[in-house]
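Participant: My questions all concern the structure below.
Numbering (our numbering), first residue to last: 49 to 559.
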């Protein structure tokens, strides 16, 4: 143990940054050390399981209510039309997406039999008691640093009360719990804007999962799917893009959501999957160009505007218009998620003479907001996966020591917690995560402006202020440390904020 902490001190120091993978490796070595402890012999299997978990890729569970677009978004992120989106029986189990080659499905049958089949094959009967009944092995860049877990929808919209439906719903909730429990981080997908209704949705989410969700707010993101349906797209109204409109609305609630999720972003899941999964081919591009020509020049400029406006008013009108013009391939895409928003994006691209299959894919990609979501996932999860895993592992060991304190030799549980705390104190990054969780706790009385600043400082690794302002912010937080009404908890946070900014100011002077 002393060697591990010494190595952390040598490599990390009070102001050093460490690669998250090195931090995860150090915690893995700590667990190996614990496995050799005679006083902790009864916990060896627990330590070994957590050590293996810490050496694995970061696990991110995609969670949300039924029909929120989770599986559609997962398909877009991995760039392949694999996860089931039809609402069939196989949507009531977890789908694990791992990096590997050759691409295939690994299925777990009842009784423990494992079968590997080609992607696109019939799944057949699966083991609903296993946490990963379906494993998808893909050569996807996103899966290089993480494993995605696509979970069943949380809340059924069906009113059917058949025995089979009830069984599937119970199975789905159980699978969602398993997926969340196995995850290091969460993508919470919702089609609701985060107002009063969304607060109730988050309440249902937390009450459903409770302690099974082991992630901190710093390890959870909210994605607003189907953002295009929430925007004001009427004539003469807000002319910003739907994603820009919804992004502005979402940020109004960001501070209120800090205790549940770290950040929030809009995405159009269907536009994303059309852009990424090869469904836009030369045949589709030709039909888009034909439709644009017919609706642009069909009966005079004003009449053409009315025709297109009517066609894009509702999805059913779009389907009718496509059928009327004999656009077979576009009509088939309506069954795959093509709606008015995606059609409008492609028609506008055609109006600009940018309607090859590659240009249409690029237009849909931009309109989907997927690139921003990927950047957010990379920055929040992938780039600090080892940090998240190390933090989660230490938290689990600390909880284990409390739960089994009476079964361990006298003093062993307290000693175990002290060793975990020593590792945290030796790593500024782990300490920042702990501070970020304190900052977003509504019970700790910071002003809204202070809470927002501190959340970015400790959670995002830099904060909102430029280096030129660092000295001024260091002075502000030092004054806050010595304020008469500052509580001990606030004082500790303010002191570390002062130290952060003081280091930033020093680095700026040295450069």
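Using N, Cα and C, we set each Cβ at its ideal position, and we do this for glycine too.
Residue 167 to residue 196, Cα distance in whole Å?
Facilitator: Roughly 17 Å between the two C-alpha positions.
Participant: Are the C-beta atoms of residue 534 and some chain D residue less than 8 Å apart?
Facilitator: Note that chain D does not occur in the displayed structure, where there is just one protein chain.
Participant: Let me know the secondary structure DSSP gives residue 164 once reduced to three states.
Facilitator: In the displayed model, residue 164 falls within a strand according to three-state DSSP.
Participant: For residue 347, does the three-state DSSP call read helix, strand or coil?
Facilitator: Here the model assigns residue 347 a pLDDT of 49, short of 50, so the residue's position is not dependable, and the following value carries that caveat. Here residue 347 carries a coil assignment [DSSP, helix/strand/coil].
Participant: With a 10 Å radius around its C-beta and 16 neighbouring C-beta atoms as the bar for buried, classify residue 341 as buried or exposed.
Facilitator: exposed
Participant: Would you report the Cα separation of residue 226 and residue 336, rounded to the nearest angstrom?
Facilitator: 43 Å
Participant: Using DSSP with H/G/I as helix, E/B as strand and the rest coil, what is residue 68?
Facilitator: helix
Participant: By DSSP, does residue 108 sit in helix, in strand, or in coil?
Facilitator: strand
Participant: The beta strand (DSSP E) that contains residue 311, what's its start and end?
Facilitator: 311-314
Participant: Counting only the same chain and skipping the five closest in sequence on each side, list residues whose C-beta sits under 6 Å from that of residue 165.
Facilitator: Annotation for residue 165: 153 place their beta carbon closer than 6 Å to its own, counting only its chain and skipping 5 residues before and after.
Participant: Using the C-alpha atoms, what's the distance from residue 132 back to residue 539?
Facilitator: 50 Å
Participant: Could you check if residue 445 is buried or exposed, using at least 16 other CB atoms within 10 Å of its CB as the buried criterion?
Facilitator: buried
Participant: Report all residues from its chain with a CB closer than 8 Å to the CB of residue 124; omit the five preceding and five following residues, and keep chain order.
Facilitator: 317, 320, 321, 323, 324, 325, 416 and 418
Participant: State the start and end residues of the unbroken beta strand (DSSP E) segment that holds residue 236.
Facilitator: 233-238
Participant: State whether the segment 147-162 contacts the segment 352-363, with contact taken as three or more CB pairs (one from each stretch) at a distance under 8 Å.
Facilitator: no
Participant: Along the chain, where does the alpha helix (DSSP H) that runs through residue 198 open and close?
Facilitator: It is not in any alpha helix (DSSP H) - residue 198 instead sits in the beta strand (DSSP E) that spans 194-198.
Participant: Could you give the C-beta distance for residue 275 and residue 294, rounded to a whole number, given that I count them as a contact under 8 Å?
Facilitator: 4 Å
Participant: Excluding the five sequence neighbours on either side, which residues of its own chain have a C-beta within less than 8 Å of the C-beta of residue 108, listed in chain order?
Facilitator: 194, 195, 196, 197, 231, 232, 233, 234, 235, 425 and 429
Participant: So the candidates are 82, 334, 147 and 118; which of them puts its Cα closest to the Cα of residue 139?
Facilitator: 118
Participant: At the level of alpha carbons, what is the spacing between residue 381 and residue 201?
Facilitator: When only Cα atoms are considered, residue 381 and residue 201 end up about 24 Å apart.
Participant: In angstroms, rounded to a whole number, what distance separates the CA positions of residue 347 and residue 391?
Facilitator: Summary for residue 347: the model assigns pLDDT 49, below 50, so the residue's position carries little reliability, and this model does not support an answer.
Participant: For residue 99, I'd like the list of residues in its chain whose CB is within less than 7 Å of its CB, leaving aside the five on either flank, ordered along the chain.
Facilitator: Excluding five sequence positions before and after residue 99, the CB atoms of its chain that fall closer than 7 Å to its own CB belong to 76, 79 and 80, given in chain order.
Participant: Under a three-way DSSP split, which group does residue 275 fall into?
Facilitator: helix
Participant: Can you give me the C-alpha to C-alpha distance between residue 460 and residue 448, rounded to a whole angstrom?
Facilitator: A straight line joining the alpha-carbon of residue 460 with that of residue 448 spans about 12 Å.
Participant: Write down the C-beta distance between residue 114 and residue 121 rounded to the nearest angstrom, noting that I regard them as a contact closer than 8 Å.
Facilitator: About 14 Å separates the two Cβ atoms, so there is no contact after all.
Participant: DSSP three-state call for residue 145: helix, strand or coil?
Facilitator: strand
Participant: Applying the 10 Å Cβ sphere with the 16-neighbour rule, what's the burial state of residue 290?
Facilitator: buried
Participant: Near residue 373, what residues of its chain come up, given a Cβ to Cβ distance below 8 Å and the 5 sequence neighbours on each side ignored?
Facilitator: 338, 339 and 342
Participant: Where does residue 375 fall in DSSP's three states?
Facilitator: coil
Participant: Can you name the residues that DSSP bridges to residue 185?
Facilitator: Partner(s): 146 and 152.
Participant: May I ask you to report which of helix, strand or coil DSSP gives residue 268?
Facilitator: Strand, per DSSP.
Participant: What did DSSP end up calling residue 206 once you bin it into helix, strand or coil?
Facilitator: Summary for residue 206: the model assigns pLDDT 48, below 50, so the residue's position carries little reliability; its value from the coordinates is reported in the next sentence. Looking at residue 206 - three-state DSSP - the assignment turns out to be coil, as it is neither helix nor strand.
Participant: Report the residue from 175, 96, 157 and 186 whose alpha carbon sits nearest the alpha carbon of residue 128.
Facilitator: 186
Participant: Only counting runs of 4 or more residues, tell me where the alpha helix (DSSP H) segments fall wholly within the segment 353-416, in order along the chain.
Facilitator: 363-372, 376-382, 388-399 and 405-416
Participant: Please report how far the alpha carbon of residue 422 lies from the alpha carbon of residue 505, in whole angstroms.
Facilitator: 22 Å
Participant: From the DSSP output, in three-state form, read off residue 327 for me.
Facilitator: coil
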